[in-house]
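Chemist: So the protein sequences, as listed, match chains Z and B.
Letter by letter, the first sequence follows residues 1 to 232 in the working numbering.
Letter by letter, the second sequence follows residues 1 to 1021 in the working numbering.
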Amino acid sequence: MAQIFHRSTNLISRLSIYGAVIIVAVLAFALYDLALSSWYTQQHMKLQQPVPFSHRHHAGELGIDCRYCHSSVETSSFAGVPPTQTCMTCHSQIWTNASMLEPVRASYRDNTSLEWQRVNALPDFVYFDHSIHVAKGIGCTSCHGQIAEMPLTERAGTLYMSWCLDCHRAPEKNIRPKSEVFNPFYAPPSNTHPVQFEGVYYTDQASLGRRLTAEYKIQPLKTLQSCSTCHR
Amino acid sequence: MSENETPNNSGDLARARAKLSAPDAPRFWQSIEELANTKSFRNFLENEFPANGESDRKTFHIDRRNVLKLMATSAAMAGMSACTKLPSEKIVPYAHPPEEIIPGRPLYYATSFPYHGVSTGVLVESHMGRPTKIEGNPEHPGSQGGTSVFMQASILNMYDPDRSQSVLHEGRVSTWDDFAAAVGNARTRFMPTGAGLRILTGTVTSPTLAFQIQNLLKQFPQAKWHQWEPCDQDNVREGARLAFGRYVNTVYHFEQADVIVSLDADFLVNGSASVRYARDFARRRDLGAGASSNLNRLYVAESMLTSTGAVADHRLALRSSDIDDLARQLGAALGVPVPPSANASARIPSGWVAALSRDLGAHQGRSIVIAGEQQPPFLHALAHAINDKLGNIGKTVTYTEPIEAGPVNHLDSLQELVADLRSGEAQLLLVLGVNAAYNAPADLEFESAIRNAIAANTLRLFIHSGLYNDETAEYAHWHVPAAHYLESWSDGRAYDGTIGIMQPLIAPLYDGHSAHEILALFTGDVETSPHDLVRGYWQGRRSEKGKAFEDFWETSLHDGVMANTALSAISPPLRADFASQGGGQTLGDPRALEVVFRPDPSIDDGEYANNGWLQETPRPITRITWDNAVLISPATAAERNLGTGSYLVLRLGDRQVEGGVFVVPGHADNSITLHLGYGRRRSGTVGNGPGFNAYRLRTSSARWIARGVEIEATGKSYSFASIQFQYTIDFEGHQADEESVQAFNEHRDLVRITTMEEFQKDPNFARNPELEENITLYPKVAYDGYAWGMSIDLNRCIGCNACVTACVAENNIAVVGKDQVARGRIMHWIRIDTYFQGGLDNPGTYFEPMPCMQCENAPCEYVCPVGATTHSSEGLNDMVYNRCVGTRYCSNNCPYKVRRFNFFLFSDYTTPSLFGVRNPNVTVRSRGVMEKCTYCVQRINAAKIRAEEEDRTVGDGEIVTACQGACPTEAIVFGDINDPNSRVSKLKAQSRNYGLLEDLNTRPRTTYLARVRNPNPEIAG
């Protein structure tokens, strides 16, 4: 019986075998990249808000404390988005005619809520609690990024579980003195900018982290990584 | 219970009896099906979800190829399920924030839960203005922190989408203003006498409501106020009248009683004081660390096996109509002059009465004799006389003025109303929350009386107000949706008269209006809000004025009770001639079959028929869901060749109903118990359909007990969704060989019981020292911080299901429906296993609540292929829903059978009003994931976070699981077992402590305290 395929078809078969492997690898890489892309994670995406509120202006330039608006951050799981009344404490006095602020005035006048697009949203099976993080020396900017430099608010992290666990596995890398938690310009200690804690100057995060983890009685790592710490 | 099988006939019963008399009779058993070893029982024992295999195999052929295909497809599809972008969400803050609300933190408000008109204090958890969970109010005498199934589940009624949602006029949607105008017109028409004006309410203890009614009766002197409560206290009231010549309210102090005799009274679970009574009773079932002799002794004579009967030290299965004879014999033995019974019973065992009277006589002033509400008035009078004779009055039994605002005989009151309807005298009828068309005695023909009066145009205006557009509302000219108690201002008296304020947690969801508002329209007081009505009433009556009153009002609202308002004790003299009225009429042929009507343990008199949580709560003992049944004893069933599932026609006089038989071990022979509340026609999508309407047999002459019911098998069969033989723990599966079985069995009983006498001899009877050594090759896991554990005291548990309902409310547990329950797919995270010991006719009955054991060496964890169930550092067996892929290996490997699987999308994702009732701190589970008890990890985390923020450790008692908080008897205690001083550690250190299936080396964190009975040595068995 004569050969059905010519010898040259061997090349095609080799190509298709290697090709298949390469295609799968490329596809896997592409999917992985897609999963980390900001298109998918919405990291660094600026959402359309009813009022183009600038954290850079309010928190950065004016230096308003985070807790002035996010008043329940120290007491509740939810940091709190300020009621219109909070906006009007200032804006009944300044920029009273700015057209940009008309939705705020309308909300206050008509007692209707402003509807903000949620920037940092976790899935419903994740139970994050602001108060405990703040109480244990995790600063706002550790998760929310350089908020004082954001003209429009964006999501700073991927909010993936691995992103949470990076810190739950090594809290000493991100912990800071409680006095610095609400400081939007805080920078980790370095030789040029040492950080003082109880009279001692620290020049590297490793030693400060060790000190603070003990001082603030951070839960053991296996507790921080137990599933029910965040899922229930 | 498959359809192919013939209904469990007397063959099963015979096999069960044979098994019990065989030498290898089990020490404990759970069901007749188990003893008879029926096919359906074996299915449930061997396969966790038998229905699954059976039905699916028929429609889908599974062979190797199909399995591979399915696996490949699922693997591919599973990957795709990850390709969803998170939906965009909105944050909607307040424009003007209310005071006190911190988003993300719940608030608690005190209010009052009305049950048959009597109020019990509750604390309601509210999330951003949305009530989600009910707890008992520790400050309130009726609760002391405990709750009942009805309290727990009442919150679902508020969110019920089937509630009536708008004012209806002649069946058409109308408005409150139009209704107000109609009432205004009627007012002018009935001025000034009010002749023809009739009001029908339930029991009223609310002083404000009573004041409004009295005002109305003053304005319209010829108007009449009628009251009707289907499961009424008429016998109790008339009994007091026989004994004392007037109505009084009886308050029992079970904490003070050493010996309690219950004559057909299910006082631990039934009635408006049951939560407090159960708590007091349980305090005397506490053994403390040692073998104290403080244990009380409970004797119960009853027909249907109830929770109270199950915890009794001596239970006599006696027909309800035979109780009369027992009571009289007991009275005579104690020296109360009482004529002998006209209905002598041959079923009272010799020696019982003598032993009982001796025991009572030895505990003068420290005993209680209590009669059930279904027993005739004379029996209540006799109980009073016996208590008087024993010197219990003023000690264990006290009397106060009636707590009802207008105590009347409800039957007389309703009869009068029906007569007025028939004669045409009643021209305007205002019904406030009474569903008489459904639950009035059948011979009164209330429904036709209404219909005829309307047709004849004598009843010109019929106004109905209720939560539902129910059977009575059907005929109303005007139907006004009532406000739920969580939406209204009101007040009410507790069982001892203490005043509790009812304050709204939320604005009425469905435009509901309370009875106060409707009555205000009638009295012409349209301007005053319900809040001002209630507050104004008390302002007028309290001695505090001005600022002092403000303080008093705020304190009362905050505490949920008005301090020191319990009615003071009175001592009404016993009428000397009371016994002469107790000639008693004969109840007819003593051999005739008796029927007893009782409120359903889960849906009560039908008020809660549309409550899915309660429908699915397995009734104590029978553990039936979604149904009522013709409950009979094994002997009676065998005699008439019936079995569980036989379908009967019951005839009483010229009335009849049809229903399925359920055989109950321990039920009195020759007696039938029917639970009321079923067979609803207009209760809503949940309550319409299941069961049969036992009210149709209930007549005004025999509202509770009747003799002479005839039964006839129809040849049809009926299947129940009872979970009693589901989740049976499989011993045989673990048995290696005969010898080890013998060796083990001594120490493997799932319930461990002894008597006081034996316990004093061997306090360590429940322990198994060999197993406590924890033989293992692996190093022990260290738990450095907290180690959560639970202890359940079987001596205290009364099997009331409050924990089950509380768990459902706290943990967003889905309702699955009768069909799914029958397939073994009920979702409850805690179940009350019920074990029997001894023969079928009057077995010992033991309850054992079964949450997750949170094993330290958890069998479920080893087999999960995706790590969806893992161990926390504090010893919790965590369940991670988002990781679960639904292999169900874990539940297959759980020896305790406590894991539950979402076979379908059981949670309601579509009905907006039901979103409100959900606990925001617990994930709502979707299809295809496993779930189980978490020890209320959301509460653990909340307490831990609070403690961490305050730089301290979590205190003992700071974390209360939902089941623990709900328990009226404080049987469940949760805490840190690493702290030797915690309550749970101390309980676990007691000699009665034991774990289930400890020989498997699972090291369960949930352990039990063995039950110690306190039988009278004079009575055998």
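Glycine is no exception: its CB is placed at the ideal position from the N, C-alpha and C atoms.
These numbers come from a predicted model, not from an experiment.
Establish whether the CB of B:T1006 and some CB of chain Z are separated by less than 7 Å.
Modeler: So, not an interface residue.
Chemist: Between which residues of its own chain and B:F267 is the CB-CB distance below 7 Å, once the five residues before and five after are set aside?
Modeler: The residues are S274, Y277, T308 and I370.
Chemist: Can you pull the DSSP bridge partners for B:N877?
Modeler: B:H871, per the DSSP bridge assignment.
Chemist: For B:H828, would you say it is in contact with chain Z, using Cβ-to-Cβ distances shorter than 7 Å as the test?
Modeler: No, B:H828 lies away from the interface with chain Z (no Cβ there is under 7 Å from its Cβ).
Chemist: Looking at chain Z, is there any beta carbon in it that lies within less than 7 Å of the beta carbon of B:T870?
Modeler: So yes, B:T870 belongs to the interface.
Chemist: Give me, in chain order, the residues of the same chain whose beta-carbon lies closer than 7 Å to that of B:N693; leave out the 5 immediate sequence neighbours on both sides.
Modeler: Taken in chain order, the residues that qualify are V657, Y678 and G679.
Chemist: Answer with yes or no whether the minimum CB distance from Z:H231 to chain B is below 7 Å.
Modeler: True, the Cβ-Cβ gap to chain B drops below 7 Å.
Chemist: Within 10 Å of its beta-carbon, does B:G194 have 16 or more other beta-carbons around it, so buried, or fewer, so exposed?
Modeler: The residue is buried, with at least 16 neighbouring Cβ atoms inside 10 Å.
Chemist: Identify, in the order they occur along the chain, each residue of the same chain with its Cβ nearer than 7 Å to the Cβ of B:T6, setting aside the five sequence neighbours on each side.
Modeler: At B:T6 the pLDDT is 45, less than 50, meaning the model places this residue with poor confidence and gives no usable figure here.
Chemist: Pick helix, strand or coil for Z:F125, following the three-state DSSP scheme.
Modeler: Three-state result, Z:F125: coil.
Chemist: Tell me which same chain residues have a C-beta within less than 8 Å of the C-beta of B:P407, skipping the five on either side of it?
Modeler: The residues are R237 and Y247.
Chemist: Looking at C-beta atoms only, is the number of pairs between the region 89 to 97 of chain B and the region 532 to 548 of chain B that lie closer than 8 Å three or more?
Modeler: Not touching, per the Cβ criterion.
Chemist: Kindly give me the distance between the Cβ atoms of B:I260 and B:L209, rounded to whole angstroms, as I take these residues to be in contact under 8 Å.
Modeler: The pair is not a contact, with the Cβ atoms about 34 Å apart (cut-off 8 Å).
Chemist: Using DSSP with H/G/I as helix, E/B as strand and the rest coil, what is B:R918?
Modeler: DSSP places B:R918 in coil when its eight states are reduced to three.
Chemist: Buried or exposed: B:K780, going by 16 or more other Cβ atoms within 10 Å of its Cβ?
Modeler: Exposed is the call here.
Chemist: Counting along the chain, where does the alpha helix (DSSP H) carrying B:F281 start and finish?
Modeler: Run containing B:F281: S274 to R283, per the alpha helix (DSSP H) assignment.
Chemist: Determine, using beta carbons only, whether B:S873 comes closer than 7 Å to chain Z.
Modeler: With 7 Å as the cut-off, B:S873 counts as an interface residue toward chain Z.
Chemist: CA-CA distance, B:Y909 and B:N902?
Modeler: Looking at the two C-alpha atoms, the distance is approximately 14 Å.
Chemist: Select from Z:H91, Z:H57, Z:Y127 and Z:Q196 the residue whose C-alpha is nearest the C-alpha of Z:Q146.
Modeler: Per the Cα distances, Z:H57.
Chemist: Where DSSP assigns a beta bridge to B:Y846, which residues make up the other side?
Modeler: According to DSSP, B:Y846 bridges with B:Y835.
Chemist: Within 10 angstroms of its Cβ, does B:K218 collect 16 or more other Cβ (buried), or is it exposed?
Modeler: Under this definition B:K218 is an exposed residue.
Chemist: Of all the alpha helix (DSSP H) runs that stay within the bounds of the region 960 to 1009 of chain B, which reach a length of 4 or more residues?
Modeler: If we require 4 residues or more, the alpha helix (DSSP H) runs fully inside the region 960 to 1009 of chain B come out as 962 to 966 and 983 to 988.
Chemist: Between the Cα of B:A426 and the Cα atoms of B:R285, B:F190 and B:E594, which residue gives the shortest distance?
Modeler: The option with the nearest alpha carbon to B:A426 is B:F190.
Chemist: Starting from B:H169, follow its DSSP beta bridges and name the residues at the other end.
Modeler: For B:H169, which the question treats as bridged, DSSP gives the partners B:R172 and B:W478.
Chemist: Whose C-beta lies closer than 8 Å to the C-beta of B:D976 among residues of the same chain, with five residues either side of it excluded?
Modeler: Closer than 8 Å at the Cβ level, and outside the excluded window around B:D976, lie Y786, A787, W788, G789, V954, D956, S982, V984 and S985.
Chemist: How big is the Cα-Cα spacing for B:A16 and B:A809?
Modeler: Spanning the two alpha carbons is a distance of roughly 38 Å.
Chemist: With DSSP as the reference, identify every bridge partner of Z:V195, one or two as the case may be.
Modeler: Z:Y202.
Chemist: Do we get a CB-CB distance below 7 Å when we pair B:L876 with the residues of chain Z?
Modeler: Chain Z, which has a Cβ nearer than 7 Å to the Cβ of B:L876, makes this yes.
Chemist: Going by the beta-carbon positions, is the gap between B:L390 and B:S357 smaller than 7 Å?
Modeler: It is not a contact, given that the beta carbons lie outside the stated cut-off.
Chemist: Quick check on B:K897: buried or exposed, where buried means 16 or more other Cβ atoms within 10 Å of its Cβ?
Modeler: When all chains shown are included, B:K897 counts as buried.
Chemist: Can you tell me which of the three DSSP states B:Y896 falls into?
Modeler: B:Y896 falls in the coil class under three-state DSSP.
Chemist: With a threshold of 7 Å between beta-carbons, can Z:A25 be considered close to chain B, or not?
Modeler: It does not; no Cβ of chain B falls within 7 Å.
Chemist: Just the chain B side, please: which residues come within less than 7 Å of Z:F125 by C-beta, in chain order?
Modeler: Simply Y881, N882 and T923.
Chemist: Thinking C-alpha only, which one of B:E949, B:A806, B:K224 and B:R1003 is nearest B:P859?
Modeler: Out of B:E949, B:A806, B:K224 and B:R1003, B:R1003 has the C-alpha closest to the C-alpha of B:P859.
Chemist: Does DSSP put Z:D166 in a helix, a strand or coil?
Modeler: Z:D166 falls in the helix class under three-state DSSP.
Chemist: For Z:R109, name the three-state secondary structure that DSSP assigns.
Modeler: Note: Z:R109 maps to helix in three-state DSSP.
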